[in-house]
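Accompanying notes for the structure given below.
Structure (structure tokens):
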């Protein structure tokens, strides 16, 4: 393999939202052996940059689920921003229906000032109605969502639309499963959006031409590497496009069933150096 694309949350990052020494060493060794490493994530580029700041690893970065690509030296290589009018209408609806949302731009993650309070109210309501609910699982979902860097708080979606910053990704999050399905149904067939999910409680909107798979192909084409010489590792539904596009694919042990079915190898979990084992598998 000449290119290896790796998801972050649930894949390279463990439950503490850090990169283990074993995974870091495996990636560093692969790079020294001439392999191009690509981080492919729903997170924003500046957030990914912060995660790798203290590591001797400089990967390509596919961020916002394929809407943005940066080269290893941080140069913007490709971007596919959301249509401003359509994004504004989507945000207007999400705000009216009281969803927690995030908007990824080039420099910030915009989110409502009252967003975190909204999610805590939803979580308390869910636990009250279902005392057997796994509270730790819900808390972990919140911790994961809020572990990102670069938040900017707004009073209204209109501030985001008026800012003129490019909008690459809209993420909606709710613990209310009926509300989650309502949102997915609302945007599932929207001609301007690609809709994916990176976790149990969210859905995300990107430009209709953006995906991790198409972004991986852009990187491979630029490097003059055929897709059958690429590999991908992931765990969630937003990884499916790159797992299907890559020549080889590995699912994490903790991956959702659809990802496992789409992959030709199942590695260890994100808490057991699963990425390192996948890299070793590809190059053994």
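Numbering (UniProt numbering), first residue to last: 1 to 284.
We treat Cβ as the ideally placed atom computed from N, Cα and C, and that holds for glycine.
- Restricting attention to 49, 72, 48, 15, the CA atom closest to the CA of residue 219 is found in 72.
- DSSP, read as helix, strand or coil, puts residue 36 in strand.
- Excluding residues up to 5 positions away in sequence, 68 lie with their Cβ nearer than 6 Å to the Cβ of residue 79 in the same chain.
- The shortest C-alpha to C-alpha distance from residue 275 to any of 233, 243, 246, 213 is the one to 233.
- Using a 10 angstroms sphere on the CB of residue 146, the tally of other CB atoms stays under 16, which defines it as exposed.
- Beyond the five residues adjoining it in sequence on each side, residue 152 comes within less than 8 Å, by CB distance, of 108, 109, 110, 111 in the same chain, given in chain order.
- For the pair residue 38 and residue 59, the CB atoms are nearer than the 8 Å cut-off.
- Selection 25, 217, 177, 231 evaluated against residue 248 yields 231 as nearest (Cα-Cα).
- In this structure, DSSP gives residue 195 an extended state, which the three-state scheme calls strand.
- Under the three-state reduction of DSSP, residue 104 is assigned to strand.
- Contact between the segment 156 to 171 and the segment 91 to 107 is established, with three or more Cβ pairs separated by less than 8 Å.
- Cβ neighbours of residue 255 within its own chain (closer than 6 Å, five residues either side excluded): 235.
- For the segment 16 to 61, the continuous alpha helix (DSSP H) assignments of 4+ residues that do not extend past its boundaries occur at 21 to 32, 45 to 51, in sequence order.
- Just so you know, the alpha carbons of residue 240 and residue 212 end up roughly 8 Å apart.
- Residue 122: member of the alpha helix (DSSP H) spanning 115 to 129, first to last residue.
- Under the DSSP assignment, residue 178 falls in the alpha helix (DSSP H) whose first and last residues are 177 to 187.
- By the 16-neighbour rule on beta-carbons within 10 angstroms, residue 183 is buried.
- Residue pairing by DSSP leaves residue 133 without any beta bridge partner.
- Between the alpha carbons of residue 278 and residue 89 lies a distance of about 42 Å.
- Counting every other CB atom within 10 Å of its CB across the protein chains shown gives residue 120 a total below 16, marking it as exposed.
- Distances from the CA of residue 174 to each of 161, 149, 100, 148 were compared; the closest alpha carbon is that of 100.
- Inter-residue distance for residue 41 and residue 2 is about 20 Å (C-alpha atoms, whole angstroms).
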